[in-house]
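As structure tokens, the structure follows; a few thoughts come after it.
In the working numbering, the protein residues as written are 114 to 337.
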């Protein structure tokens, strides 16, 4: 589920070594839109955290790779972000981290009972199979390999759990971000104003996940 189309799989193969070098895991790659598509890349640290500055650094690191390989021949926008609080679950092992929380799942093809969509609470994950207590009653055992999409449902319980997993303010992350932003400021110059930091609670939904947008137009300008 991290990548679905042949193009997305190709891009994932290109950027994953760069992510590893930066101590990051690629959560998902999606190419979305029409005439000017958006290449959306979600990434995080192994502990599940991801700062805006880290998004910006990763965006700058993968841009030369994408420029050299040129997987998308048309003009496009590059968007690097954290998964967000109502995050997609894309890998075997993701579900075990959120036992007791509610998710929505869509299968690639209907199951034996003809059903494709499920919503329920995660009871466990073993051997790539997720056990759900369904919201409409009953239970289901779903293989991660059969899923086309799985996302967390935004609930108060999820918000509290995400806050609990976040590092306390002032314990390394803040200093790290200041150092990263200082370095980025020197590297980006005038473009540094494009990086925005949300200083609320640090948790946002999937649509507004903290991140850094870069445009292929900027890369074109550099080539010219």
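Beta carbons: idealized from backbone N, C-alpha and C, even for Gly.
Three-state class that DSSP yields for residue i in the structure shown
i: residue 178; result: helix
i: residue 116; result: coil
i: residue 122; result: helix
i: residue 188; result: coil
i: residue 97; result: For residue 97 there is no data in the structure shown, the boundaries of the chain being 114 and 337.
i: residue 308; result: Since pLDDT at residue 308 reaches only 40, below the 50 mark, its modelled position is unreliable, and the value read off the structure follows with that caveat. Here residue 308 sits in coil by DSSP.
i: residue 128; result: helix
i: residue 239; result: strand
Bounding residues of the beta strand (DSSP E) (the contiguous stretch that carries residue i)
i: residue 253; result: 252 to 256
i: residue 338; result: Nothing in the structure corresponds to residue 338, since the chain is present only between 114 and 337.
i: residue 228; result: Careful: residue 228 lies outside any beta strand (DSSP E) and carries neither H nor E.
i: residue 152; result: 151 to 157
i: residue 216; result: 215 to 220
i: residue 264; result: 260 to 265
i: residue 243; result: 242 to 247
Presumed contact (8 Å Cβ cut-off) between residue i and residue j, rounded CB distance
i: residue 268; j: residue 215; result: 6 Å
i: residue 341; j: residue 140; result: Residue 341 is absent from the model: the chain starts at 114 and stops at 337.
i: residue 184; j: residue 122; result: Incorrect: roughly 10 Å between the Cβ atoms, too far for contact.
Own chain partners of residue i with C-beta closer than 6 Å, once the 5 adjacent residues on each side are dropped
i: residue 209; result: 238
Check: residue i C-beta below 6 Å from any heavy atom of the ligand ATP
i: residue 211; result: Judged by which ligands are present, the structure shown has none, so any question about the ligand ATP falls away.
Segment limits, alpha helix (DSSP H) that includes residue i
i: residue 271; result: 269 to 278
message: Using a Cβ distance threshold of 8 Å, determine whether the stretch 155 to 172 contacts the stretch 188 to 204, with at least three qualifying pairs required.
response: yes
query: Any chance the stretch 232 to 252 sits against the stretch 159 to 176, with 3 or more Cβ pairs inside 8 Å?
result: no
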